[in-house]
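Letter 56 of the sequence shown, counting from 1, is numbered 317 in the working numbering, and no numbers are missing.
Quick reminder that beta carbons are idealized off the backbone N, C-alpha and C, glycines included.
A short write-up of the structure that comes next.
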Amino acid sequence: MRAEQADQDIFEALLRRTITQSVIDGLDHAIPSATVFATLLQHHAWRARKEQLSPQTLQVIASARRLLGNRAPRRLDP
């Protein structure tokens, strides 16, 4: 079980780093496809919640979306 958790931690760390670097590079170079990237991040956010990834990973995705001008809709508590 420990090896699986270590693999998951490495995967999530790489995912967070990749998302962060992609947004930084995109903002530095004024990518014209920011909307496409924001849509892709929406899909990643959905998938991350489905796969129960860490709160840190969900926060990185949410922050990336905000930087691209694509805010996640607020959830209403029942």
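Subject >> Three-state secondary structure (DSSP) of H290 >> reply: Along the sequence shown, one-based indexing puts residue 290 at 29. Secondary structure of H290 (DSSP, three-state): coil.
Original post:
Under a Cβ-count criterion, where at least 16 other Cβ atoms within 10 Å of its own Cβ denotes burial, should R326 be classed as buried or exposed?
Top reply: Reading the sequence shown from its first residue, position 65 is the one you call residue 326. Flag for R326 reads buried.
Original post:
For V297, is the classification buried or exposed, using 16 other Cβ atoms within 10 angstroms of its Cβ as the cut-off for buried?
Top reply: Counted from its first residue, the sequence shown places residue 297 at position 36. Answer is exposed; the Cβ neighbour count stays below 16.
**OP:** Measure from the alpha carbon of V321 to the alpha carbon of each residue in E312, A306 and Q313, then state which is nearest.
**Re:** Looking up residue 321 in the sequence shown gives position 60. The shortest C-alpha separation from V321 is found at A306.
Original post:
Given that a residue counts as buried once 16 or more other Cβ atoms are within 10 Å of its Cβ, and exposed if not, what is A267?
Top reply: Numbered from 1 along the sequence shown, position 6 holds the residue referred to as residue 267. So A267 ends up on the exposed side.
**OP:** Return the first residue and the last residue of the alpha helix (DSSP H) that Q313 is part of.
**Re:** By one-based count along the sequence shown, residue 313 stands at place 52. Unbroken run through Q313: none, as it is neither H nor E.
**OP:** Going by CA-CA distance only, name the one from P316, S324 and L275 that's closest to L302.
**Re:** Counting from one through the sequence shown, the residue named residue 302 turns up at place 41. The candidate whose alpha carbon is nearest that of L302 is S324.
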